[in-house]
Amino acid sequence: MSAEAWTETDREAMALALAEAGKAAAAGEVPVGAVLVSAAGEIIGRGRNRREARQDVTAHAELEALREASESAGSWRLDGSRLYVTLEPCHMCAAACRQARVAEIIFATRDPKTGALVSADRLYERPPHFHDPLLREGLEREAASRQLRDFFAALRRRNRRLARQGFSRGVLRDARISGELDRHADVDDDKDNDGSGRH
Ligand SMILES: [Zn+2]
């Protein structure tokens, strides 16, 4: 997608999603941020990854944004809305977006391991076809990738420091988010994330 395809609204919404991801990183969470924009162009939900803080597997940025929007709208139906998210959604979030009738998902960078839209799966290309959101990707790809790379690099440095100080692998595993290092290893230094694999 060429750069001029993005509107001002697109850019503003993704900038806010990146800011949410930055807050997640500052809190020691994997940096993922999301913003939901209504059909009328208003921001109706924001979210960031808080899985560790809440010890809640559903505390993904996308679901937090959907939850806030549904609370303010008084409805689980969010017809015509657009979700801006810094990382390709997982199956859970992709399914929730479809059920909430989100019209379009715009994501910044791919998640090669758990991305359910174009990477690990193409969920919306399989039945049941039920309010399948449209997809666009690549807006602020570099910034979102850098956030993730920087986060995991800092995590690796911290774990090496702890290892030098004599902490065992078991202790490292217990450290709040050390397990994410393995799961997101190829998001961390993803060499394929250059936009060549456009859907
Ligand atoms: Zn998710």
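Position 11 of the sequence shown, counting from 1, maps to 53 under the working numbering, and the rest follow consecutively. Backbone N, C-alpha and C define an ideal beta-carbon position, used for all residues, glycine too.
Is it true that the CB of residue j sits closer than 8 Å to the CB of residue i?
| i | j | result |
| --- | --- | --- |
| E110 | G87 | yes |
| A59 | V79 | no |
| R119 | A142 | yes |
| C135 | H173 | no |
| L125 | V144 | yes |
| W48 | L176 | no |
Pull up the DSSP beta-bridge partners for residue i, would you.
| i | result |
| --- | --- |
| V127 | A76, F149 |
| G87 | L78 |
List the whole-angstrom C-beta distance separating residue i from residue j, where the pair is believed to meet the contact cut-off of C-beta under 8 Å.
| i | j | result |
| --- | --- | --- |
| L129 | A158 | Not quite, the Cβ-Cβ distance comes to about 11 Å (not below 8 Å), so this is no contact. |
| R90 | A55 | Contact doesn't hold; Cβ gap of about 14 Å is too wide. |
| A81 | D121 | 7 Å |
| A67 | L105 | A67 to L105, Cβ: 19 Å. No contact. |
| I147 | V160 | 10 Å between Cβ atoms; not a contact. |
| D163 | H133 | 7 Å |
Does any CB atom of chain B fall closer than 8 Å to the CB of residue i?
| i | result |
| --- | --- |
| E84 | Checking the listed chains, one finds no chain B in this structure; it contains a single protein chain. |
If you scan the segment 146-198 from start to end, which runs of the alpha helix (DSSP H) of 4 or more residues do you find wholly inside it? none
Does the segment 108-122 come into contact with the segment 67-75, if we say contact requires no fewer than three beta-carbon pairs (one atom in each stretch) closer than 8 Å? No: fewer than three Cβ pairs fall under 8 Å.
Touch test, the segment 158-171 against the segment 184-203, Cβ-Cβ under 8 Å, three pairs minimum: no
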